[in-house]
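To keep things clear, I will list the structure first and then write my remarks on it.
Number of protein chains: 6
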Amino acid sequence: MTDYQRMLLTGAAGALGTQLRKSGTRLGKIVRLSARKPCENLEPHEEDFPADLSDFDAVSKAVEGCDAIIHMGGQGLEAPWNTILNANIVGSYNIYEAARQHGVKRIVYASSVHAIGFYERTETIDGNVPTRPDSLYGVSKTFVENLGRYYFDKFGIETVSLRIGSSFPEPTDRRHLITWLSYRDCRQLVEKSLSAERVGFMVAYGMSNNSRAFWDNRTAASLGYKPEDSADDYADKVFGKTKQGDPNDPAVRFQGGSFAAAGHYEDEKK
Amino acid sequence: MTDYQRMLLTGAAGALGTQLRKSGTRLGKIVRLSARKPCENLEPHEEDFPADLSDFDAVSKAVEGCDAIIHMGGQGLEAPWNTILNANIVGSYNIYEAARQHGVKRIVYASSVHAIGFYERTETIDGNVPTRPDSLYGVSKTFVENLGRYYFDKFGIETVSLRIGSSFPEPTDRRHLITWLSYRDCRQLVEKSLSAERVGFMVAYGMSNNSRAFWDNRTAASLGYKPEDSADDYADKVFGKTKQGDPNDPAVRFQGGSFAAAGHYEDEKK
Amino acid sequence: MTDYQRMLLTGAAGALGTQLRKSGTRLGKIVRLSARKPCENLEPHEEDFPADLSDFDAVSKAVEGCDAIIHMGGQGLEAPWNTILNANIVGSYNIYEAARQHGVKRIVYASSVHAIGFYERTETIDGNVPTRPDSLYGVSKTFVENLGRYYFDKFGIETVSLRIGSSFPEPTDRRHLITWLSYRDCRQLVEKSLSAERVGFMVAYGMSNNSRAFWDNRTAASLGYKPEDSADDYADKVFGKTKQGDPNDPAVRFQGGSFAAAGHYEDEKK
Amino acid sequence: MTDYQRMLLTGAAGALGTQLRKSGTRLGKIVRLSARKPCENLEPHEEDFPADLSDFDAVSKAVEGCDAIIHMGGQGLEAPWNTILNANIVGSYNIYEAARQHGVKRIVYASSVHAIGFYERTETIDGNVPTRPDSLYGVSKTFVENLGRYYFDKFGIETVSLRIGSSFPEPTDRRHLITWLSYRDCRQLVEKSLSAERVGFMVAYGMSNNSRAFWDNRTAASLGYKPEDSADDYADKVFGKTKQGDPNDPAVRFQGGSFAAAGHYEDEKK
Amino acid sequence: MTDYQRMLLTGAAGALGTQLRKSGTRLGKIVRLSARKPCENLEPHEEDFPADLSDFDAVSKAVEGCDAIIHMGGQGLEAPWNTILNANIVGSYNIYEAARQHGVKRIVYASSVHAIGFYERTETIDGNVPTRPDSLYGVSKTFVENLGRYYFDKFGIETVSLRIGSSFPEPTDRRHLITWLSYRDCRQLVEKSLSAERVGFMVAYGMSNNSRAFWDNRTAASLGYKPEDSADDYADKVFGKTKQGDPNDPAVRFQGGSFAAAGHYEDEKK
Amino acid sequence: MTDYQRMLLTGAAGALGTQLRKSGTRLGKIVRLSARKPCENLEPHEEDFPADLSDFDAVSKAVEGCDAIIHMGGQGLEAPWNTILNANIVGSYNIYEAARQHGVKRIVYASSVHAIGFYERTETIDGNVPTRPDSLYGVSKTFVENLGRYYFDKFGIETVSLRIGSSFPEPTDRRHLITWLSYRDCRQLVEKSLSAERVGFMVAYGMSNNSRAFWDNRTAASLGYKPEDSADDYADKVFGKTKQGDPNDPAVRFQGGSFAAAGHYEDEKK
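Dropping the structure here:
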């Protein structure tokens, strides 16, 4: 469905990266996989290109020859500052700057609910509200969104920033009933982000067709995204296995869930 | 689905109260019924507790031991001021103040379209627009909504205020095609209002899946409410039996219908 | 479904006019057809009344005796100024002024995406945003919308202005996947615009149930419009036959498509 | 400046009532004073008409013959529910209903910051935000605003609801630097509310020209209100005499100040 | 202050045109005057160029050689349709199309309060609200605004559309206290509209520093416009000479005043 | 005016830092100066504490014992990524994290117009619009704003983020007429940011009383900020010395001026 000649997929060995490989040539004629370590079980349309995101030269070589990037790589959970700094801040700068130098046209970025995790569950928000990160991880996501905005406004590189909720095999707690993104819908959302003709800099939320949504996801719809799954189908199961939370627990009150409730990472680990 | 130990249902003998009894233990382990007169045909999980809402001591006893309240009681149509005053204003104050004294956590309140009945049909509104009541009855509904807001902001008692449209067995006029709430959907909406983990103070509209809606009902969706019925299924029947109204008739022009068109109650009755 | 005694359909010989004739008596007991030339194959409920829209007297006679008008006539594409002026500006003034003189109650007007064609595809807009026409044709559409607003505010004649996207047998390019309005949905939308009890002056978008929509079409929903078709069903076919456009091409960037990309009409024709 | 023949001033013996008497015939040709007890030192244009607001017949007699009302009477601070109920809820209903029966055209009502006292100081709000009362007193103010809205929408009686901040001789704490309304400005605001030709139902904030305002007071400006005083002139004095508050103290955090911080009235008094 | 070489001033013989001539070379090095008849008392920097706006060739010659236009010409009050059509619709099209052909960079257009005259006085509006014309004259103003929007979006010709309130020597009725624009402020507003470096397509309101304003005039401020006069200075005089209007009179209720209250022009003249 | 015991001023040797030292004890009882090199001419209430912002331990020692911070330090113009990274991203993280560890209550941060530099001049924005940085420098400012938001939402450390326009001795180009912040007003704005009782996380714009403002600066007003200077006083001088810019030049079109117009920093320097 896309006309991309060579797609770079970072984080190719991660959970979502592995799922996205299933999209095959719907991502691009050739899909260049990149992770810290070599990827396995390459398909004919795949090529492997391990790189450390914090190493600009390595990133630049990985980007060279690609016309689009799915940037799933980096640190995917709260972590010490230096990890966040190198993996997500420096790493994503390297991706964008290499993209500029090599003429990449579009980037699909795995942002996160944690970029806006301090909104309350009872607030319906869209992609234009001020960001309210719930963790250093979340702060790094807002950094990359601003970077994407800048590279579009100045250099014309388009970005779809997908604020992914909870992408797991199935919802296992009551908050997931709101934020769940099935793997199948995740693949569709990335594919549609690539094939839409004009995206500019766009923020869309990564969730399935969950009726409990606290997100106004019109931008995703405008990409042609039609989720096929719904957390609603798991509601009875989840309700049966879990207790109703305390509405005053920050993990219940805020969209970011346990991230919003956690203390400072390094204090917590002591 | 809820973890409430004892649910107080006021107005238990009314049309909606009777419907809600069908939800059974989905409301709470024990459902305490309250109306002016004793209720009949008690189920094992039900207990009867008649009380006059305008009598604080009686209300306090009815509330004691409950952890949540479905407040359907009071005067349900336009009436002389003293009736509205005692049944809806004093009565609802009694409910909220007793709830505070006895540690109730959540109240689901039967508010009404008549709290916003002077918006025009051609306006799409959500729960945050300024209220525009169409009757003293409607004014009393806005009073209780403000009371609920206050008790949440100050004392942390959560409220879902359901602005119910037209909850009847089926739609019988063209305005009902917009405002109808089936009994089944009404039950679901109340159940979801109880089981959602965090509601704060929330206003949601009580309507089925009617395509002609003039309400943006995102808050209801965020509770997990997925209406199963639609007034659309009755459109042909209703169109066949009724004539197209005059768009300048206040009963057609305004969301409140005949309430907005009516004169002063006591003048009308002369 | 409507109670209109005699409906005037202008542009009755055009593509949409021809489709609308299929609605038959759902438009009115008698449907008076008007085009520059006589219409053919009249049904028993139809009467033919050819008229040149730019001739006030002819229009006045055509309007006389009608209680509602579906105004599809005029110039339907970009054209030299004098054509736009006479067919759309003078012609529509004649319709509205004749309507006033003869007591017409409601007008359904075929406005166009080209009234707002300079919004970007990535913007979701509703009917209240400032107009941004992409052509003199589009400017003429905004003129008629203002005329309709004026005749309602001052004289109480109701108008539904339908900003029609792309009404063709099926979508043939990627932009159509966003803007397509099937003939069947077009008929329904006009019928619902007539049968809704109160419309005031309303702008609604004419599109089918296309997930890629850049329009917030709540007003259409409030009329009871439930599209039965979707451009999504043609997506694979269209993707297969077309290439991904350049996001910086004005025809891709803007909602108006090729109209926004075109130069000045008469320069282009040289 | 106004053309009113006879103006009823309720609460004429209170602090603001006493100030408003200084406006003299700028309020009306005759100013009828009403308080629970007789007023003193009547001017030639004044007449005294003591009445208990909770007594409809007394209120009706006081209203008879007046064409406008300045409604300053009732309970002016938090109080037990029964006091609030009788003085503010029943009392104001009596005013509005008597106004309807006797053809009064306009009412200027002394509402309060406490109708929206649970907004944070850091939020800028206008008169259209949902009310968030900080006390039963504040709830009663929202009741009267809804009553005023209703009597305008249905019966055409105009109201300006003035949400008065802190009207004292001078600001004495840091919150007053935001909310202060000088007596002189209070008089002007009431006079302008009376002389504006069209007010419909309008909410305006009662504050002087304080730069620290958290209110968008365009509606007051549209009445022609140009405050002559400013709390800014007292800033040095107030800063010198007071300490910087704790930003997490509810009395500092919320617009309602100590009202928002107080517990339940009757609990507090124990 | 501007760098324009030759400024075309249409309507140069009208009331505002005559005032604007006083701005002299602040408008441009040479000011080309255009009216239906020759202008008198030319200054050295002025040249006279009479033209009928409805004659494209005459307009084209008048525009040739100019780099900016102040378009004050046309019909300035309600009139029969044909007058409005030729003077304002055809005439303004001629101005814009000639501007395009001759490379004009910026147009300052005398739009009017009557483009939005059906908003109520109690509504505060800015330049982005949907237009609500109160007359055919007002409809023609909205036509030219859309034309200006189109010529900017497509051809890059900038426009400041000034919705002028009431520009007279002094305010003489109570509505003027809201809408008055002194001649001095009118000149300043036009000068600032010319000298601002970037205006795109902008709508600004033409009023002096009147505290009763129902317009949010930020766009005018952003041009550097600082009104020196205020209708407030005439308030006592106007109040003394006029009576308080009936709030239900359309001339009082709506922003357009008597235009909103008038019936159809030609009916009125019978 | 503030009750702070010890205020840390970073960037104390820079242009704004030097100006802020003139505020003396209005900042705090003791003002601890910090820059890369020792500061000169210490006043009795000042203490010197040189530190490299990118060195956490040095920052931590500088912060220890302070209850508030004015964070003016770091890189103040576009620079190579590594400079931005260390001075602004790592440096500001160090400030915030040290503040958390040492119990600092409030931070006033020197953000910049370049955080939103890609808005057009013709857009009026407030502090809640999505950020649109015009440079890597601007991206770093948005990073710190998100960091401040996070440290407030999670740890309760208040921040006022001042998006400073152009703080120079006087305006020297036409864009400065919009964005100028006099040194005197800069000092006042920082002082008011410190003395306001509750700021939460707040964005305010740093500009003097310039009529050409494209910023809605209500938040600054709510702090009590009343600018004493205005770029307007320099308008004639600036207009006399400069030419009208080309509206299509990005330096004219965008709020960020030359930053928005510049290419990539390192390309430019080649």
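Respectively, the protein sequence lines represent chains A, B, C, D, E and F. Numbered per the working numbering, the first sequence spans residues 4 to 273. Numbered per the working numbering, the second sequence spans residues 4 to 273. Numbered per the working numbering, the third sequence spans residues 4 to 273. Numbered per the working numbering, the fourth sequence spans residues 4 to 273. Numbered per the working numbering, the fifth sequence spans residues 4 to 273. Numbered per the working numbering, the sixth sequence spans residues 4 to 273. C-beta: ideal position from N, C-alpha, C; glycine also. Since this is a predicted model, take the numbers as computed values, not measurements.
Taking CB distances under 8 Å as the criterion, tell me whether residue i reaches chain H.
i, result
"A82/B", "No chain H is part of this structure, whose protein chains are labelled A, B, C, D, E and F."
Where DSSP assigns a beta bridge to residue i, which residues make up the other side?
i, result
"S169/D", "W183/D"
"H48/B", "None, per the DSSP bridge assignment."
"F257/E", "E123/E"
"G208/B", "According to the sequence provided, residue 208/B is Tyr. The question's Gly does not apply to it. Answer is R166/B, bridged to Y208/B."
"R9/A", "I33/A"
"E271/E", "DSSP lists no partner for E271/E."
"E161/C", "R109/C"
"W218/E", "I128/E"
"S115/D", "I167/D"
Just the Cα atoms here: how many angstroms apart are residue i and residue j?
i, j, result
"F155/D", "P136/B", "10 Å"
"R93/D", "G120/B", "Here residue 93/D turns out to be Val, not Arg, going by the sequence shown. If I take the Cα positions, the gap works out to 23 Å."
"M10/A", "V34/A", "5 Å"
"H48/C", "K32/C", "7 Å"
"E148/C", "Y208/C", "13 Å"
"Y237/C", "E173/C", "8 Å"
"V206/D", "Y153/D", "14 Å"
"S239/B", "A216/C", "Reading off the sequence, residue 239/B comes out as Asp, not Ser. Cα-Cα distance, rounded: 29 Å."
"F257/F", "G168/F", "13 Å"
Are the beta-carbon atoms belonging to residue i and residue j less than 8 Å from one another?
i, j, result
"D51/C", "Y7/C", "no"
"D219/A", "I160/A", "no"
"V107/A", "S196/A", "no"
"L23/E", "I73/E", "yes"
"L56/A", "G79/A", "no"
Just curious, the beta strand (DSSP E) that residue i is in, first and last residue?
i, result
"H74/E", "A71 to H74"
At what residues does the alpha helix (DSSP H) containing residue i begin and finish?
i, result
"V142/F", "L139 to F158"
"A18/B", "A18 to R24"
"D236/A", "From DSSP, D236/A is part of no alpha helix (DSSP H); its letter is neither H nor E."
"N85/B", "W84 to I87"
"V202/E", "Note, V202/E: premise wrong, no alpha helix (DSSP H); not H, not E."
"S63/E", "F59 to V66"
Discussion item. At a CB distance below 8 Å, what residues from the region 223-247 of chain F approach chain D? Give them in sequence order.
Written reply: Of all residues in the region 223-247 of chain F, A224, S225, L226, G227, Y228 and K229 have a Cβ within less than 8 Å of some Cβ in chain D.
Item to complete: Would you list, in chain order, the members of the region 133-148 of chain E that have their beta-carbon closer than 8 Å to a beta-carbon of chain C?
Response: Residues passing the 8 Å Cβ filter: P133, T134, R135, P136, D137, S138, L139, G141, V142, T145 and F146.
Worksheet item: the region 159-180 of chain B: which residues have C-beta closer than 9 Å to a C-beta of chain C, in chain order?
Response: Near chain C, meaning a CB-to-CB distance below 9 Å, the residues of the region 159-180 of chain B are R177, R178 and L180.
Worksheet item: Taking a cut of 7 Å between CB atoms, which residues from the region 204-222 of chain B lie near chain D?
Response: Answer in chain order: no residues at all.
Fill in: Near-chain A residues of the region 103-130 of chain C - C-beta to any C-beta below 8 Å
Within the region 103-130 of chain C, the residues whose Cβ lies closer than 8 Å to some Cβ of chain A are E123, R124, T125 and T127, listed in chain order.
Fill in: Contact list for the region 55-78 of chain A against chain F, Cβ threshold 7 Å
Within the region 55-78 of chain A, no residue has a Cβ that lies closer than 7 Å to any Cβ of chain F.
Discussion item. Give me the subset of the region 179-202 of chain E whose CB atoms are less than 7 Å from a CB atom of chain F, sorted by chain position.
Written reply: Residues passing the 7 Å Cβ filter: S198, E200, R201 and V202.
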